[in-house]
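The numbering of the sequence shown is this note's numbering, which starts it at -13 and goes up by one. The C-beta atom is built at its ideal place from N, Cα and C for all residues, glycine as well.
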Amino acid sequence: MGCSPTTFILVALFGSSSWMGTNSVWMQLPLLTSELPEHWNLPSYLAGVVQIACIVPLIYTILHKGVKSFTIPTPPLIIALLSLACCCQLGLAFFWNNYSNVFGAARSWPLYSLLFGLAIVNAMSNVLFMPFMAQFHPAYLNAYFVGMGLSSLMPSLLSLAQGTSKFKCDDDGVAERFPPNFSVSIFFFIIFTFTCVALAAFIILYRSGAHTHAENSRKNRKEPNEGTPLKKSQKTSPEDIDDDDETPINLHETGATAIDAIVSELDESYRERSSICHDTELHQIDYITGVKFTFLLFTTALVNAQMNGIITSVQSYAALPYSQATYHFAVTLSNVVSPLSSFLPFFVSVRSIPVLAVLTACSSAMTAFIVYLAALSPNLIFGSVAIGSALSIGGSLIAAGLHSYLRVVFASLLREGHQSESRLFWCGVFIQIGSFVGSAVMFPLVNIAHLFTSAPQCRPIIS
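Given below as structure tokens:
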């Protein structure tokens, strides 16, 4: 079955809604940190707000897995969430710069509240949107991750068109800012339009019936109950045993006896995943079971802890000591690299666990380097603005590329084979766990222990 270009585009547009809201706020941080009272502490506060929103998918997970009678039709729930995202995005266009005193300190509570609503949608996308994609032809999962990349690319390109928040220092050492090409309000309104397009794309996608692929493929066999793919099957009858089958197959906890049908489905799933719309060379199937499955879930959490929790909390300290432009390009270009890296698994797909472990270690090393730059603030690495700026931007780009590539590869491997919807569900859960742990660790370090120090905007430049 070849994929439809129209469906591919619709899935990508739908996927772009997954983190569009949060990324749009992050793209405006160079302007928000200069306009709002929290200043350099704003990113860590916003990261905390995003992770508090993880309570909602946690509740959904408990109800979905623990309460058998709890069922909510997925498509209406997705439409409701995307509608909420549209409302919050429109609210940001009008109320982003409002603030008032809360517990004796000036706080941008309208921004916090609207971001909280957007973060609920973004967090739910990991446990709702991704499992929903299991109902589609496997090739469209890659389209969804391309869309996730677009959720950062579109705000990034718009931010580049908006221009860097430039300033000059007067004789008294006070920063005088030049206005951007268009305001923050216009930026958020354009993102609101993009979000409405994503909502329309999902409605068209659902009404087209493209999601019935997996349902149709299951009609000819009995589906086991839902569980996690960690347990190996127990062959209990002669018809379950195949002399040529040396690889244990993951089944649900209740087990299943239709081994031949499951092997056939696994083979079909891998063949479909290995290309988008054309045939490519097929390799021997490598079932993701037991220890490998656990490793992929752990590394998924680790990569997302760095990507969504650690780097976002300290990037302002790692880049702003060198210049406002350094921070702007580090944030913006990282979000350009992210979707480009999501395309890479189309051409280079790594299945070796040792190689994935090495790549994960490399991404962790780049994250540690960014934290090191943040810890140096307000001092400059090697005492040079030029070298420090290049290292800050370069480190951010490498980290973003590795994190995005690994995220797609992990999800693609987890999706293969039987129980694809359950596998993607748990993948989304561990994405949220990692993101929450990363922010939970960094928030007290930044805002309570004050381990990171901001640098003055105007000071003598050492080249």
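- Positions of the alpha helix (DSSP H) runs, each at least 4 residues long and wholly inside the region 404 to 445, are given as 406 to 433 in order along the chain.
- Scanning the region 15 to 40 from its first residue to its last, no whole beta strand (DSSP E) run of 3-plus residues comes out.
- Of L388, K51 and V432, the smallest CA-CA separation from V300 is found for V432.
- Distance from Y303 to F429 at the Cβ level is roughly 14 Å; contact not present, criterion being Cβ atoms closer than 8 Å.
- Secondary structure of S390 (DSSP, three-state): helix.
- In the assembly as shown, F422 is a buried residue. Its beta-carbon has 16 or more other beta-carbons within 10 Å.
- Residue pairing from DSSP places R93 in a beta bridge opposite S86.
- In the displayed model, K278 falls within a helix according to three-state DSSP.
- Rounded to whole angstroms, the separation of the alpha carbons of S86 and R93 is 6 Å.
- Excluding the 5 residues flanking it on each side, N112 has same chain C-beta neighbours closer than 6 Å at G414, I417 and Q418, in chain order.
- Separation of the CB atoms of V289 and R393 is rounded to 6 Å, and the pair is thereby assigned contact status at 8 Å.
- The Cβ atoms of H389 and S349 lie closer than 9 Å to each other.
- Around A(-2), the same chain offers A129, V132, G133 and L136 as residues with beta carbons nearer than 7 Å, after the five sequence neighbours per side are excluded.
- For the pair G381 and L366, the Cα-to-Cα distance works out to about 15 Å.
- C-alpha of L282 to C-alpha of L345: approximately 13 Å in a straight line.
- A residue is called buried when at least 16 other Cβ atoms come within 10 angstroms of its Cβ; L49 does not meet this threshold and is exposed.
- In the assembly as shown, R193 is an exposed residue. Its beta-carbon has fewer than 16 other beta-carbons within 10 Å.
- Here N108 carries a helix assignment [DSSP, helix/strand/coil].
- For a cut-off of 8 Å, the C-beta gap from A441 to S363 is around 5 Å, short enough to register as a contact.
- Taking each of L359, A71 and P340 in turn and checking the Cα distance to S10, the smallest one comes out for A71.
- If you check the CB distance, G424 and G295 come in under 9 Å.
- Annotation for F178: C72, Q75, L76 and A79 place their beta carbon closer than 7 Å to its own, counting only its chain and skipping 5 residues before and after.
- In the three-state DSSP reduction, V334 falls in the coil class, being neither helix nor strand.
- Between the C-alpha atoms of Q292 and T353 there is a straight-line separation of about 7 Å.
- Distance from the CA atom of T(-8) to the CA atom of Y126, rounded to whole angstroms, is 11 Å.
- Counting only residues of its own chain and dropping the five nearest sequence neighbours on each side, Y98 has a CB closer than 6 Å to the CB of V35.
- Excluding its 5 nearest sequence neighbours in each direction, G387 has C-beta neighbours in its own chain below 7 Å: V323 and S327, listed in chain order.
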